[in-house]
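For any residue, its number in my numbering is found by taking its place in the sequence shown, counting from 1, and adding 509. Where a beta carbon is used, it is the ideal one built from N, C-alpha and C, also for glycine.
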Amino acid sequence: MTPPIDLNEYIRTAKAARTTLPEGRVEHLVGMLVEVGGIAAAIGSQLETRIDGRPLGLEVVGFRRGHVLTAPLGSTAGLKPGALVRARPSAAVAAVGPALLGRVIDAFGEPLDGLPPPPCGSRAPLKNEAPEPFSRRPVATPLETGVAAIDALLPLGRGQRIGLFAGTGVGKSTLLGMLCRHTSADVIVVGLVGERGREVGDFVRGALGAEGLARSVVVAATGDAPPLVRVRGAFRATAIAEHFRAQGKHVLLLMDSVTRFAMALREATLAAGEPPLTKGYTPSVFAALPALLERAGNDSGPGSITAIYTVLVEGDDLQDPVADAVRGILDGHIVLSRHLADRGVFPAIDLLKSVSRVVHDITTEPHQRAIATIRDRAAAYADASDLIQIGAYIPGSDPRVDTARDAMPRVEGLVRQKLTERTDRSLAIERALAIAGVTA
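Structural data, given as structure tokens:
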């Protein structure tokens, strides 16, 4: 005779088992964090719910007590507890292709310029691995920027990554516009991360202009967007630049700004419960910075990504934790001076605080001597500037200072340049050699 079956044991086992469903429900909403129950999803995967028929994307950022923690990719106004949440196909790719040139898109690839969506037939991962160290070609070819101060005194190479450190109101956007208009790069990718909406339009219409936009792709994620949307904008701009590099193009990637990328990631990770470190920045922020910045540069192919990342410095404080971390990753930095900007010198590049770490790899020996001589004269003038300004310096008391006083007006003349003015690289170098008294 068959023994009786104890159904209670099966019932207890079934209740204790956690089923993995393709859908779940909204359990909690606190600040910028939506907690979802009843669904299993990996970090970084995409979920979707609906608010009165409107889709709302959710990105998984963590877990808590068997629930999934997500950050919304849009407005949560109208979201209700118990709302159905479904997994959706991976959105961690970017549509790429030549149809993007001349277009302004958002962090999801949707057009912001009022035109139809660009017909892109290829896809690239948003979060890609950086090239292997030994697969990178060395930086050996100069990039002509058309900006005399950079080409002559802070030369950039194809595949170099450099930071542009600036406070507010010192001409950062104007310099970026000059680089877009005058560079010899084949393709320009501009990532505007955390900017005000008005500034996006002003940059595209004013600083960039029709000439610069024709060979550019602009990715904009404005400051009113949710944190992970701003983060996504930086990744999309980088993925687009990587695509053109893979096509053998020389790409100039301008990201304004990496500071707001870090701030957006700080908001998202703090909301997920990650403990803060310096100035509220979490460990994930300092892990994400090299993961993003190392993707630029050269790889094993013929293409390159020359990247310029702007870094916002509060009160011109170069010791900000993000500024300090970025400076240690990149191949040099350009510092914009408030003192020069107040005097009307644009671009307001501080030659003494700026450095290009590949200068010896892309310049001739006479050019290097000219750069060193001009920097020495700028340093001598800076050391004696207080005495000179109050009229206490006696000409002839220090020959080095006398030489610097004579040279600085010519150096300043080399640096001064209008937005629409392009200076040929060879001409800029000739002027630098003449100022330094160096024979080519």
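Would you mind giving the Cβ-Cβ distance between residue i and residue j, rounded to the nearest angstrom? I have them listed as a contact below 8 Å.
i    : j    : result
A816 : A633 : Contact flag wrong, Cβ pair sits at about 17 Å.
T819 : K681 : 6 Å
G533 : V594 : 5 Å
T778 : V760 : About 30 Å; that fails the 8 Å criterion.
A887 : V864 : That belief does not hold up - the Cβ atoms of A887 and V864 are roughly 13 Å apart, past 8 Å.
A729 : L621 : 6 Å
A879 : A941 : 5 Å
L717 : S766 : At roughly 16 Å, the Cβ-Cβ gap does not stay under 8 Å, so L717 and S766 are not in contact.
L737 : A771 : Incorrect: roughly 13 Å between the Cβ atoms, too far for contact.
H842 : G672 : 4 Å
Q926 : V656 : 6 Å
A913 : A889 : 4 Å
F855 : T654 : F855 to T654, Cβ: 15 Å. No contact.
Is it right to say residue i is buried, meaning 16 or more other beta carbons lie within 10 angstroms of its own, or is it exposed?
i    : result
L936 : exposed
S644 : exposed
P792 : exposed
E874 : exposed
H869 : exposed
S496 : Outside the shown range of the chain (510 to 949) lies residue 496, about which nothing can therefore be said.
L565 : buried
A800 : exposed
D615 : buried
P664 : buried
L762 : buried
A719 : exposed
P918 : exposed
A796 : exposed
E638 : exposed
E823 : exposed
L786 : exposed
From residue i to residue j, what does the alpha carbon distance come to, in whole angstroms?
i    : j    : result
V605 : V740 : 18 Å
A587 : F617 : Reading off the sequence, residue 587 comes out as Gly, not Ala. Going from the Cα of G587 to the Cα of F617 covers about 22 Å.
L530 : V648 : Confidence in L530 is poor, its pLDDT being 47 and thus under 50, which makes the residue's placement unreliable; the coordinate value appears in the next sentence. The straight-line gap from Cα to Cα measures roughly 50 Å.
F744 : F572 : 23 Å
I552 : G575 : 14 Å
A773 : L652 : 31 Å
M541 : E557 : 15 Å
R931 : A881 : 24 Å
G630 : F753 : 14 Å
D840 : H537 : 45 Å
G666 : A916 : 27 Å
T528 : G547 : Low per-residue confidence applies at T528: pLDDT is 47, beneath 50, and the placement is therefore not dependable, though the value from the model is reported in the following sentence. Rounded to whole angstroms, T528 to G547 spans 8 Å at the Cα level.
V602 : A580 : 18 Å
D660 : T692 : 10 Å
D808 : E751 : 10 Å
A734 : G789 : 20 Å
T677 : L845 : 10 Å
L624 : G583 : 22 Å
G922 : L928 : 15 Å
P908 : L860 : 22 Å
H876 : I938 : 7 Å
L635 : Q555 : 13 Å
So what does DSSP say about residue i, is it helix, strand or coil?
i    : result
V577 : strand
L838 : In the sequence on display, residue 838 carries Ile and not Leu. Here I838 sits in helix by DSSP.
V854 : coil
R714 : helix
E930 : coil
L801 : helix
V535 : strand
I880 : helix
T912 : helix
F875 : Per the sequence shown, the amino acid found at residue 875 is Pro instead of Phe. P875 falls in the helix class under three-state DSSP.
E544 : strand
I817 : strand
P620 : strand
I899 : coil
A586 : coil
P786 : What sits at residue 786 in the sequence shown is Leu, not Pro. Three-state result, L786: coil.
G680 : coil
T650 : coil
V656 : coil
E568 : strand
G955 : In this structure the chain extends from 510 to 949, so residue 955 is not present and cannot be described.
E557 : strand
I671 : strand
L530 : Low per-residue confidence applies at L530: pLDDT is 47, beneath 50, and the placement is therefore not dependable, though the value from the model is reported in the following sentence. In the structure shown, L530 sits in a strand (DSSP, three-state: E or B).
D765 : strand
Using a C-beta cutoff of 8 Å, does residue i count as contacting chain B?
i    : result
G812 : No chain B appears in this structure, which consists of one protein chain only.
Quick one: does the C-beta of residue i sit closer than 7 Å to a heavy atom of the ligand SAH?
i    : result
G905 : The ligand SAH is not part of this structure, which contains no ligands at all.
Practice prompt. Spell out a yes or no on whether the stretch 887-899 and the stretch 831-840 are touching, meaning 3 or more CB-CB pairs, one atom from each, closer than 8 Å.
Written response: no
Worksheet entry | the stretch 692-702 touching the stretch 712-725, judged by at least three CB pairs closer than 8 Å | yes
Worksheet item: Should the stretch 849-869 be regarded as contacting the stretch 702-711, the criterion being three or more beta carbon pairs within less than 8 Å?
Response: no
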